[in-house]
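Just below is one structure, and these are the notes that go with it.
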Amino acid sequence: MQRNVLICRHAEASDPFPLRPDFERELTKDGIHQAHLAGQWLRDHFRKVDAILASPSNRTRTTAGIIAGRLYFEDENITYDPDLYNPRESQLIGALSRLPESVTNVLVVSHNPGVTQLGRTLTDKRIGYLEPAQVLAVSIKLEKWEEVHFTTGTLMSSNM
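Be aware that the sequence shown starts at 1305, since it is given in this note's numbering, and climbs by one per residue.
Laid out in structure tokens, this is it:
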């Protein structure tokens, strides 16, 4: 079965303040605009997603929420996984491997370097670090999501 993993780095966030935790960083005005553009690109190319997995940090929650709105995906159906906050690639693969078989298109919204490494692993290509709100679309043939560890997909497109 053909499945699509849509890998998105969160949109542009404010610089960290000395007394403000990284987890609470907010999107800039440009970041909000970037998230809307990423959502529009996803709607134009994929129409819908069956699942959204996101880091629970403020900047990824906001990015995922804006994109979800563009895809007519209900906010309450977004899965915010603490393991996706500044994750290692293995944590992202683990989250994908736990998806139900009914999911064909999944959007993952998280942080560098994990999202970039996930793109590299799934495509076996040298991909530069994802820019804010950049989306990589990877097509993978697999019957069960738990098999995602053992497959290489095809880089279909990117919004940048």
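Beta carbons: idealized from backbone N, C-alpha and C, even for Gly.
- For Tyr1384, DSSP records a beta bridge to Ala1358.
- Of the residues assessed, Asp1385 falls on the buried side of the cut-off, its CB having 16 or more other CB atoms within 10 angstroms.
- In the three-state DSSP reduction, Val1413 falls in the strand class (E or B).
- By the C-beta density criterion, Gln1306 is exposed, having fewer than 16 other C-beta atoms within 10 angstroms.
- Between the C-alpha atoms of Arg1430 and Asp1387 there is a straight-line separation of about 25 Å.
- The alpha-carbon of Ala1372 is positioned some 26 Å away from that of Pro1320.
- For Val1419, the enclosing alpha helix (DSSP H) begins and ends at Gly1418 to Thr1427.
- In summary, Gly1418 is buried, with 16 or more beta-carbon neighbours lying within 10 Å of its beta-carbon over all protein chains present.
- Leu1310 and Gln1344 have their C-alpha atoms roughly 13 Å apart.
- With contacts defined by Cβ atoms closer than 9 Å, Gln1438 and Met1464 form a contacting pair.
- By the criterion of a C-beta distance shorter than 6 Å, Ala1315 is surrounded in its chain by Leu1331, Gly1335, Gln1338, Ala1339, Thr1367, Pro1436 and Ala1437, once the five residues flanking it on both sides are discounted.
- Using a Cβ distance threshold of 9 Å, Leu1375 and Leu1426 do not count as a contacting pair.
- For Ile1397, the CB contacts under 8 Å within the same chain, skipping 5 residues up- and downstream, are Leu1422, Thr1425, Val1452 and His1453 in chain order.
- Proximity to His1415 across Glu1405, Leu1434 and Leu1403 peaks at Leu1434, based on C-alpha coordinates.
- Put simply, of Asp1354, Arg1402 and Asn1409 the residue whose alpha carbon is nearest the alpha carbon of Asn1381 is Asp1354.
- Distance from the CA of Lys1445 to the CA of Thr1408, rounded to the nearest whole angstrom, comes to 10 Å.
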